[in-house]
Amino acid sequence: MLLTEDQILSLAPDEASKKAGRDLANPAKWVSKGINEQALWGECQGSGSKPYQTQVDLTAIAFKCSCPSRKFPCKHGLGLLLLRARQPGLFSTSNMPQWVNDWISKRSEKEEKKVEKADKPVDEAAQAKRQQAREQKVSAGINELLVWIKDIVRNGILSLPEKGGAYWENMSRRMVDAQATGLAAMIKNLGATNFWNEGWQSGFMGKLLQLYLVAESYRHIPNINELLQQDVRSAIGFTINQEELKQQTGTKDTWLVLGKDSREEQQLTIEQNWLYGLNTNQYALILQFNAKGQVSTLSLTQGMYIDAELAYFPSSVPYRAIVKNHTTARRPENQVTQCFKGWQEIAEQETLLNSRLPFRNEMPFVVASLKPVLYQNQWWLQDTDGCLCKITADFKNIWQLMAITGGEPATMSIIGKENEYRPIGAWYNNNYQAV
Amino acid sequence: MRAWEHIINAAMIGTGKPMPGNPEIPGDIAAIVDVIEAEELLDKESKYLQKAALIYNYRQCGFTPLQKHDLLLNKAEAETRQYCSDTAAGVLNTILHEDNLSLMELWLTNCSKSGLLALPNVLPVILDKAQKDAALQPLVIACSGNRGAWLSRLNPAWGYFSVLPDEELWQTGNPEQRTKVLANTRQNNAPQALEWLHQTWDQENAAAKAELLKALKINSGPDDLPWLESLLTEKGQKVKDEVMALLKQIPGSSIVRQYEDILSRSVMLKKEKAMLGMMTKISISLKLPASIDESIYKTGIEKLAGPKSGISDEQHVLYQLIGAVPPSFWEKQFEATPAQVVEYFDKYASMMTSALGNAISQFNANDWIPYLLNHDSFYPDFINKLPLPERDKYLLRSLNRGIPNVIHTALNCSQQWGTEFARVAMQQMANHPYEYNRAFFNRHIKLIPTEIISQLEKLEAKDINMQSAWGKNREHLIKLLGLKQQTLKAFNA
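Which chain is which? The protein sequence lines are A and B, in order.
Here the first sequence is numbered in this note's numbering, starting from 822 and rising by one per residue.
Here the second sequence is numbered in this note's numbering, starting from 97 and rising by one per residue.
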């Protein structure tokens, strides 16, 4: 699969790597280069006496380079991919040299070993004991949390802007101690409310009530259905063994990476990838958590197509998933055959999802024939029935969206809730373009 | 939704205080609210939170989008020209990542010449660039098509697309726009520009007058003289200086005639018989008349040469005067052809030859240039007046003779350098990598021909300490030349 320049650059770990990668997309830098269906490789003359051996696994975009850089992917990997994207004619199809062959073979062996590893027996009694201890801790934490929430509503929320960061930080830490990291994150998010914004109260109360719903639901967990139990538990921070998840039958499809977003949290980089299944019409969120300097297991980039089997986390609204296996795919002829027709359908879908999971987060949707319009000095997206939803104020690329669509209706991918959405991509000339 | 508003109001006050009225509970959830209210074991806060959570979820599920059918249709007109190729678009993307305005200008120039358009997705970036760099605006307008014009109507920051008719801009524009439109009009219709300025002259302030007069330097000629001569009585010194500068470049103006009058009495070609009449002895006498009109010293002619000049005050005055009259004056004065005039000056008053060169530049006497090309002096103003092969030969010869500032002057070339000159210049640049650094090449990449890429590898700085710095510059230069080459190839230029 040939990635576009923008897609390649979105794999770069930082701006400096992008720039260095672009500089290396120059045929003069490469002593040798080659490609076949599995891999792309090249030898780049660096400052050392021997050229660096750079290789890219094209079946599931992965990089390896003999350079000493700690960045991943390194500038050589990016440069090689960029050169291929810019001047494909320079790469002749040939057999892989030994050093590429070795790496590709090792990658296949590793995959096999992973499967074997999963077969090891587990001490179920010890596991159950640990689980029970944790649940007790969580219950105690939640009791404290509910008292704290009640204090807030008893005293009124108007005094909250004056409270310092410690107010939120302390309760968040308490939840970490109670091994309820999900609740800890929700409290941090509450504290991150912009109290200077006019009308902050409504958004704040929405988040507070979600927190309350999760906490209160946990106290009644035996009375709710099994899938909702899983939702409550994962919102609190209970994890699911991903290896077990991988054992389940997944959803196979050609998936389009609609968008990607990364944020730094303490020592972690949290990467969100929103996927859309072209045939199943399903959406998925793939999360990756990488410690600083750690290599991502999956290199996804906006607008990329992958043939993959995804295993969804058990939920009343299946959304978060892991990739069981994948290979990069060519751009299909018919990219979007089924999607939402307009805002009314989105509203109905949201109602359905909310009825199943009242404390869910925003989700992406692919909607046909939306056009950006200016109404009352604000940007909106209008469907063919004349229905409007606001574009979120933090959306920075409105002019790019306008330039791509020219004011004509276009199929768009959006993410948001209720009546506010952020465009993440649009189809232009039958090509998906991230915005 | 009223019920949600009530929830927010109650949250602001706090449940510890009396609630402001009762919420208007929608009928769909009224029964559930009643159950919550009836629960005796629940405290006040729990009841509030449960009702709030219920109403929150009801609100989320009941969302209906706003509907408007009367919004004005606002879409870009279809393009009448084709978009550039994907290859060309890819090159532009790389240029934009490099943030190189010089290459961007080259790309836009070629795109515009080919009658093609930039792809829509790149328009916001190039429109932003042109907002900051006015020189790019005509090119960006040309390459943005109808979609660019449509975007500019939506975003006031890109308002430079809306071009008013020249005359309206002259009447109503800001000082910068007026100066620009006057200069453009002067280029295409010189009398019209003069007429416009004449009409508004009395309403302009001194600063504007001085600024607008500069536009008259373009295509100045005898038709300007009557009005310009009348402006010599202006009060503002800056205005007067500008008028003087204009008059000094128009043959036949009172100032030029005054200079010619002095020179006709000061510089004379003498032909005397020698060797019993068998030979003619030629000389040029350079002597100012005993009394000259002192007013010339108020027109910019300096009276004193200065202690370090190495020439007398009289020679200095004559040098300036020779440089300030049209070269054709000497054809009459010496009764000779231009070639002979140059030869006479060269042989019999060589220190004045370069003054003649200055006069050639000042009065655009381009047909005189060939007679001075082989002389020792280097005339920077000649380079854009020569045909390209001659220009490059002239630059190369001057560079090889070690004349200082040739490279600096060559940066003013309006067209790309020839390969041979570029190669020799590049060798000098290699020796001074901190002066000719990456920023320098970013600015002047337009002038450097792509043909020298293959020769750059062979060039090294003579000083071993400079080789590393030059190596980095060279790498950067090769990258820029590569992009330039790709741009030209993408448009078959």
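Every residue gets a Cβ at the ideal spot worked out from N, C-alpha and C, and that includes glycine.
Which first and last residues belong to the beta strand (DSSP E) in which residue i is found?
i	result
proline 1257(A)	This structure does not reach residue 1257(A), given that chain A is present from 822 up to 1256, and the question cannot be answered.
tryptophan 1201(A)	1199 to 1203
phenylalanine 884(A)	883 to 886
lysine 366(B)	363 to 370
asparagine 1210(A)	Inspection of the sequence shows that residue 1210(A) is occupied by cysteine rather than by asparagine. 1208 to 1212 is the span of the beta strand (DSSP E), which, as asked, contains cysteine 1210(A).
With a cut-off of 8 angstroms on the beta carbons, I'd call residue i and residue j a contact; round off their distance for me.
i	j	result
glycine 241(B)	leucine 213(B)	4 angstroms
serine 1190(A)	threonine 1172(A)	Not really, about 21 angstroms apart at Cβ, beyond 8 angstroms.
glycine 1207(A)	lysine 164(B)	6 angstroms
tryptophan 1248(A)	alanine 1231(A)	6 angstroms
glycine 1012(A)	glycine 986(A)	7 angstroms
leucine 365(B)	phenylalanine 425(B)	So it is not a contact: roughly 13 angstroms between Cβ atoms.
arginine 274(B)	isoleucine 314(B)	Wrong, their Cβ atoms sit about 15 angstroms apart, outside the cutoff.
lysine 1081(A)	leucine 1119(A)	Actually they do not touch by this definition, with Cβ atoms about 11 angstroms apart.
serine 1234(A)	tyrosine 1097(A)	7 angstroms
leucine 343(B)	leucine 312(B)	Wrong, their Cβ atoms sit about 10 angstroms apart, outside the cutoff.
serine 1136(A)	leucine 1048(A)	6 angstroms
asparagine 538(B)	serine 208(B)	About 22 angstroms; that fails the 8 angstroms criterion.
glycine 269(B)	valine 259(B)	Glycine 269(B) to valine 259(B), Cβ: 11 angstroms. No contact.
lysine 850(A)	glycine 900(A)	7 angstroms
Would residue i and residue j qualify as a contact pair, given that the criterion is a beta-carbon distance under 7 angstroms?
i	j	result
methionine 340(B)	threonine 395(B)	yes
isoleucine 125(B)	leucine 150(B)	yes
tryptophan 464(B)	proline 434(B)	yes
leucine 1131(A)	alanine 1105(A)	yes
alanine 1129(A)	tryptophan 1095(A)	no
tyrosine 475(B)	alanine 451(B)	no
threonine 1148(A)	alanine 881(A)	yes
aspartate 590(B)	serine 494(B)	Because chain B spans 97 through 589 in this model, residue 590(B) falls outside it and cannot be assessed.
arginine 843(A)	histidine 193(B)	yes
phenylalanine 1134(A)	isoleucine 1245(A)	no
lysine 1192(A)	glutamine 1203(A)	yes
serine 993(A)	alanine 1005(A)	yes
threonine 876(A)	valine 921(A)	The sequence given here places glutamine at residue 876(A); threonine does not occur at that position. Cβ distance < 7 angstroms, so glutamine 876(A) and valine 921(A) count as in contact.
glycine 962(A)	methionine 996(A)	yes
phenylalanine 257(B)	alanine 238(B)	no
alanine 1056(A)	valine 1035(A)	yes
serine 838(A)	lysine 892(A)	yes
valine 421(B)	valine 352(B)	yes
serine 1083(A)	threonine 1090(A)	yes
glycine 1163(A)	lysine 171(B)	no
glutamate 120(B)	alanine 99(B)	yes
DSSP state of residue i, grouped into three classes?
i	result
methionine 97(B)	coil
glycine 1174(A)	The sequence shown places leucine at residue 1174(A), not glycine. DSSP places leucine 1174(A) in helix when its eight states are reduced to three.
valine 877(A)	strand
serine 1083(A)	strand
histidine 540(B)	helix
histidine 294(B)	helix
alanine 586(B)	helix
histidine 528(B)	coil
glycine 863(A)	strand
methionine 375(B)	strand
glutamate 556(B)	coil
serine 381(B)	strand
alanine 461(B)	coil
glutamine 436(B)	helix
Along the chain, where does the alpha helix (DSSP H) that runs through residue i open and close?
i	result
glutamate 1037(A)	1021 to 1040
leucine 192(B)	182 to 194
glutamine 1109(A)	Here glutamine 1109(A) belongs to no alpha helix (DSSP H); instead the beta strand (DSSP E) covers 1104 to 1112.
glutamine 777(A)	No information on residue 777(A) is available, as it lies outside the stretch 822 to 1256 that chain A covers here.
From the DSSP secondary-structure annotation, give me the bridge partner or partners of residue i.
i	result
lysine 428(B)	For lysine 428(B), which the question treats as bridged, DSSP gives no partner whatsoever.
arginine 1243(A)	Ile1236(A)
threonine 176(B)	BP columns for threonine 176(B) are empty, so no partner.
tyrosine 1249(A)	Asn1252(A)
serine 853(A)	Glu864(A)
serine 1149(A)	According to the sequence as given, residue 1149(A) is threonine; it is not serine. Looking at the DSSP assignment, threonine 1149(A) forms a beta bridge with Ile1127(A).
tryptophan 1095(A)	Gly1080(A) and Leu1106(A)
aspartate 1074(A)	Ala1129(A)
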